[in-house]
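8 is the number of the first residue of the sequence shown in the numbering used here; add one for each residue after it. Notes for the one structure printed next.
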Amino acid sequence: MASPTKNVRRETSTSGRTGEPLDTVDRQIIDTLVADARITNRDLADAVGIAPSTALMRTRSLMERGAIEGFEAKLNLAVIGRAVQALIAVRLRAHDRDQIDTFTSRVPQLPEVLSTFHTSGSVDYLLHIAVRDTDALRDWVLDNLTTDPVVGHTETTLVFKHMPGHTGPLD
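As structure tokens, then:
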């Protein structure tokens, strides 16, 4: 029976992460898919210089090994009404399991949150959010963080421009 969602990562063994290093063809497939995840299998095979059946087999293997976790649509946040991005550093009041669980079960699930990073150092979490405008940003911080009893401190930094790095394998 087919799975209803194809972009959800399946349970994988850890052997693929440490036991099977990526070879040159694996790296070329990943680089090509990072550049264009919607590329056809035939075009992927042509770009890498392998047969389409090999490209399909290799891509499936990369997914089974956990190297490829899924495929996503890259959205233009401004066009979809979320023009203001911010990074919000969050320090919790206490570092007990209940407070951590309370925060992590709620805040990362909010629709404005693009990413949540659990960090070391002077802050506990770094949130990347996108909202309509600066008024919405202020309201979001007040409604979701400042009034949250587990949050001790926040610091908001506006993002003027996001310049993604390379997500493919290191050479």
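The beta carbon of each residue, even a glycine, is placed where N, CA and C say it ideally should be. Bear in mind the structure is a predicted one, so any value in this text is a computation, not a measurement.
Item: Per-residue DSSP class, three states only, for F110; Value: helix
Item: C-alpha gap between T174 and V41, whole angstroms; Value: 7 Å
Item: Bounding residues of the beta strand (DSSP E) (the contiguous stretch that carries Q92); Value: V91 to L99
Item: CB of L165 within 9 Å of CB of L144, strictly; Value: yes
Item: Beta-carbon proximity check, L134 vs V97, cutoff 9 Å; Value: yes
Item: Contacting residues, own chain, Cβ-Cβ under 6 Å from S20 (five flanking each side not counted); Value: Low local confidence applies: a pLDDT of 38 at S20 is under 50, so the model's placement there is unreliable, with the coordinate-based value given in what follows. Within the same chain, S20 has no close Cβ partners at all.
Item: Inter-stretch contact (C-beta, 8 Å, three-pair minimum) for the stretch 150-159 and the stretch 88-103; Value: yes
Item: Cβ pair T61, A52 closer than 9 Å; Value: yes
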